[in-house]
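Just so you know, my numbering puts 99 at position 99 of the sequence shown, and the rest follows in order with no gaps. Note that the Cβ used here is the ideal one computed from N, Cα and C, for glycine as well. Quick caveat, the model's predicted, so the values are computed rather than measured. First the structure, in the form of structure tokens, and then the observations on it.
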Amino acid sequence: MDANDDQIHEFELAFQILYSGGTRRFTIKELDTVMRALGHTLSENKLENMISEMDIAGKGSIGFPEFVSMISRKLNEMDYDDEYRGAFHAFDKDNNGYLSIAELTEVLIGLSLKLNEHEIKEIMRRADHDQDGQLSYNEFVYMMMTMSL
Numbered sequence: 001m002d003a004n005d006d007q008i009h010e011f012e013l014a015f016q017i018l019y020s021g022g023t024r025r026f027t028i029k030e031l032d033t034v035m036r037a038l039g040h041t042l043s044e045n046k047l048e049n050m051i052s053e054m055d056i057a058g059k060g061s062i063g064f065p066e067f068v069s070m071i072s073r074k075l076n077e078m079d080y081d082d083e084y085r086g087a088f089h090a091f092d093k094d095n096n097g098y099l100s101i102a103e104l105t106e107v108l109i110g111l112s113l114k115l116n117e118h119e120i121k122e123i124m125r126r127a128d129h130d131q132d133g134q135l136s137y138n139e140f141v142y143m144m145m146t147m148s149l
């Protein structure tokens, strides 16, 4: 999901209100303020990482285009995480925090995939990194993001 026009306008207003003394760049402190205003509380380390990811010039701050790019990416990541987490919990029928082969089969049938038992076991084998016979949430996300289902 890219930021829509309304979101970009909201980001621009926040940016204009909070930009640093005419420099039109966000420092960590200002990024923290705007993220809190947008409903997200992040650690100082996470804020530093966000700025360093986008601060190509190495100034310790980011401008509006970098801010929109960064925030759009973070919103996209949060949307996918929410979707995957919701799906994982819906399929985890016994609420043990893992998907069994039976629960995975339900997932794949729910995706309208016509797979035989061997194909389902192969998907489980490839996604089950610790080979414990069940998928953790992280293994489920890996499966959903990397496998051609």
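field: Rounded separation between Gly39 and Glu122 - CA only
entry: 41 Å
message: Three or more C-beta pairs under 8 Å: does that hold for the stretch 93 to 106 against the stretch 119 to 134?
response: yes
- prompt: Is DSSP giving Gly39 helix, strand or coil here?
  reply: coil
query: Between Met54 and Glu139, what straight-line distance do the alpha-carbon atoms span, to the nearest angstrom?
result: 28 Å
message: Given a cut-off of 9 Å on the beta-carbon distance, is the pair Met145 and Ala87 in contact?
response: no
- prompt: Around the Cβ of Leu31, are there at least 16 other Cβ atoms within 10 angstroms (buried) or fewer (exposed)?
  reply: buried
query: What does Ile62 pair with, by DSSP beta-bridge criteria?
result: Phe26
- request: Would you decide whether Ile109 is buried or exposed? Buried here means 16 or more other CB atoms lie within 10 Å of its CB.
  value: exposed
task: Please determine, among Leu104, Asp82 and Glu83, the residue with the shortest C-alpha to C-alpha distance to Asp92.
output: The shortest Cα separation from Asp92 among Leu104, Asp82 and Glu83 belongs to Leu104.
- request: Taking only the alpha-carbon atoms, compute the straight-line gap between Glu117 and Met124 and give it to the nearest angstrom.
  value: 11 Å
- prompt: In three-state terms, what does DSSP make of Leu135?
  reply: strand
query: Which residues in the same chain as Met35 place their Cβ atom closer than 8 Å to its Cβ, once the five residues preceding and following it in sequence are excluded?
result: Thr41, Leu42 and Leu47
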